[in-house]
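Enquirer: So that we are looking at the same thing, I have put the structure below in structure tokens.
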Amino acid sequence: MKKADIIDGVYERVDGLTKLEAAELVGVVFEALKEGLLTHDKVMISGFGNFVVHDKAARMMKNPLTGVQVEVAAHRSVTFKPSPVIKREMNT
52 MKKADIIDGV YERVDGLTKL EAAELVGVVF EALKEGLLTH DKVMISGFGN FVVHDKAARM
112 MKNPLTGVQV EVAAHRSVTF KPSPVIKREM NT
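Per our numbering, the very first residue in the sequence shown carries number 52; after that it's consecutive.
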């Protein structure tokens, strides 16, 4: 699913909303999610799931193609854990 698909879904479900307004709405929601992840370590959406920021330490890894040891710099990553509601709906 792409952002355009989400915009189309919002446009179809909300009466009186133009496609441009739907795009702006989806953009505002995504911006709020992004800001939440940048300023907090967790974004919780009830009935949907949690986005959690993890700090990854620097480490050495082997390039599988060349076999050369390479240092991977410390970085942050985001994981998503779906809510039990989503898990249940996916498995029925």
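Even for Gly, the Cβ is constructed at its ideal location relative to N, Cα and C.
If you're wondering where the values come from, they're calculated on a predicted model, not measured in any experiment.
(1) What number of angstroms, rounded off, separates the C-alpha of Lys-93 from the C-alpha of Phe-131?
(2) Is it the case that the segment 97–117 contacts the segment 71–82, given that we only count it when at least three CB pairs across the two stretches are under 8 Å?
(3) Is it true that the CB of Ala-73 sits closer than 7 Å to the CB of Ile-96?
(4) Can you tell which of Thr-117, Gly-118, Gly-100 and Arg-127 has the C-alpha that lies nearest to the C-alpha of Asn-139?
(5) In the DSSP assignment, find the unbroken alpha helix (DSSP H) run with Gly-78 in it and report its ends.
(6) Hey, could you find the ends of the alpha helix (DSSP H) Met-112 is sitting in?
Expert: Looking at the atomic coordinates:
(1) 10 Å
(2) no
(3) no
(4) The amino acid at residue 139 is misidentified as Asn; the sequence shows Arg. Ranking Thr-117, Gly-118, Gly-100 and Arg-127 by Cα distance to Arg-139 puts Gly-100 first.
(5) 70–90
(6) Segment 110–113 is the beta strand (DSSP E) holding Met-112; no alpha helix (DSSP H) there.
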